[in-house]
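Counting from 1 along the sequence shown, just add 1 to a position and that's the residue number in the working numbering. Even for Gly, the Cβ is constructed at its ideal location relative to N, Cα and C. Just so we're clear, the structure is a prediction, and the values are computed from it rather than from any experiment.
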Amino acid sequence: MKKIGMLVAVEIDSVFSRYGKPNDTITQAGFNIFIYENPEYTIYVLNSGAGEINAAAGTQFLITYFNVDMILNFGLVGGTTEEMARTSLCVVDKVVHYDYDISAWVGAPVGKYLEYDSIYIPTTQEFVEKTLQINPDLHKVICASADKFVDAGEQKASLYRKFKAEICDMESAGIVVTCNKNNIPCLLIKAVSDSLMQNVDHFNEALEHISGICLDVADKIIKDLLK
2 MKKIGMLVAV
12 EIDSVFSRYG
22 KPNDTITQAG
32 FNIFIYENPE
42 YTIYVLNSGA
52 GEINAAAGTQ
62 FLITYFNVDM
72 ILNFGLVGGT
82 TEEMARTSLC
92 VVDKVVHYDY
102 DISAWVGAPV
112 GKYLEYDSIY
122 IPTTQEFVEK
132 TLQINPDLHK
142 VICASADKFV
152 DAGEQKASLY
162 RKFKAEICDM
172 ESAGIVVTCN
182 KNNIPCLLIK
192 AVSDSLMQNV
202 DHFNEALEHI
212 SGICLDVADK
222 IIKDLLK
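Given below as structure tokens:
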């Protein structure tokens, strides 16, 4: 039976609305993990909280403690272009960790990890392509990720100018880097909660409704991927 690790930052209420009461709940290493079992697979849902460090630690815990076969992350993001309107659904192709900066040490560009060929950290390409076959309406995007909540306007627009990143969040880099180090495939499905000129108020308004839409899409894709 397949074991799926689901890393959730702040959208945990959508999980309860979608799946109901878990079969079991474990509290370990400062995390709450909600376990959902069905005949095809088991989902281990870890509520990490916001931020790269929380996301990386939660991802590693799911991999080490539960020996999951893959990591699924869904959640809300900011849109950095006018085209990325509110409720746009995306699959993350690559991530740039834009507050990772060792340029003063080795002269590498901002966001460049030495073990990668460029500033862009790839997700599992097989999953990305299969996801687009299942749902061609999803946007394949680059995600700018850092421990920073980016508000409306120029801050968002600059991420697109500098990195060609159509969305931004606070967890994706931690998830993808950790999965890649462990050779565990990952899939990141995101929904835009606040577009280029929208701010934190729009994020808060959208949290439950749009994250629910995002989880519905992610759940369908996982079922199709595992057929």
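Sequence-distant partners of glycine 175 (beyond 5 residues in either direction) whose C-beta falls short of 6 angstroms from its own C-beta, in its chain, are Glu53, Ala56, Ala57. Distance check between leucine 189 and each of Thr81, Trp106, Lys165, Thr60 places Thr60 closest, using alpha-carbon atoms only. Setting aside the 5 residues that flank it on each side, tyrosine 101 is surrounded in the same chain by Gly112, each with a C-beta closer than 6 angstroms to its C-beta; the list follows chain order.
The residue among Phe128, Gly50, Thr65 with its C-alpha nearest the C-alpha of leucine 227 is Phe128.
Contact between cysteine 144 and valine 78 is confirmed by a C-beta separation of about 7 angstroms, below the 8 angstroms threshold. In terms of Cβ geometry, threonine 81 and isoleucine 168 form a close pair [threshold 9 angstroms]. Residues of the same chain with a CB within less than 8 angstroms of the CB of asparagine 183, apart from the 5 flanking positions on each side, are Gln61, Ile64 in chain order. DSSP places isoleucine 54 in the helix class (H, G or I) of the three-state scheme.
Per DSSP, aspartate 148 lies in no alpha helix (DSSP H) and is assigned neither H nor E. Lysine 95 and isoleucine 122 do touch by the CB rule: their CB atoms are close to 6 angstroms apart, below 8 angstroms.
Rounded to the nearest whole angstrom, the CA to CA distance from alanine 192 to leucine 115 is 30 angstroms. Less than 9 angstroms separates the beta-carbon of valine 92 from that of threonine 132. Alanine 86 counts as exposed, since fewer than 16 other beta carbons sit within 10 angstroms of its beta carbon. For isoleucine 176, the enclosing alpha helix (DSSP H) covers residues 173-183.
Listed in chain order, the alpha helix (DSSP H) runs fully inside the stretch 64-88 amount to none, counting runs of at least 4 residues.
Residue pairing from DSSP places methionine 7 in a beta bridge opposite Val46, Leu73.
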